[in-house]
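Report on one structure; see the data block that follows.
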Amino acid sequence: MAKKVVATLKTGDSKGFAKVIKMVKSPKTGAYQFKEDIVNTERVKDFFKK
22 MAKKVVATLK TGDSKGFAKV IKMVKSPKTG AYQFKEDIVN TERVKDFFKK
């Protein structure tokens, strides 16, 4: 599935987007969870600041 997403991001107008994955620790269990999102390349740093 990741190959399909990456392939569609590299075509046409979608070159300005990036798929980002952030690891977040759950406050209840202490286990780590992964948050995935497709964001504009200009807002990647904002995604990781949250």
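Numbering-wise (our numbering), the sequence shown opens with residue 22 and increments by one.
Idealized CB from N, CA, C, for every residue including glycine.
Secondary structure of residue i, DSSP reduced to three states
i	result
Lys56	strand
Lys49	coil
Lys40	strand
CA nearest to the CA of residue i, picked from the options
i	options	result
Tyr53	Ile42, Thr62, Val60 and Ile59	Ile42
Lys36	Met44, Val60, Thr50 and Ser47	Val60
Lys46	Phe38, Ala39 and Phe55	Phe55
Cutoff 7 angstroms; reference residue i; Cβ partners in own chain excluding five residues on either side
i	result
Met44	Tyr53 and Phe55
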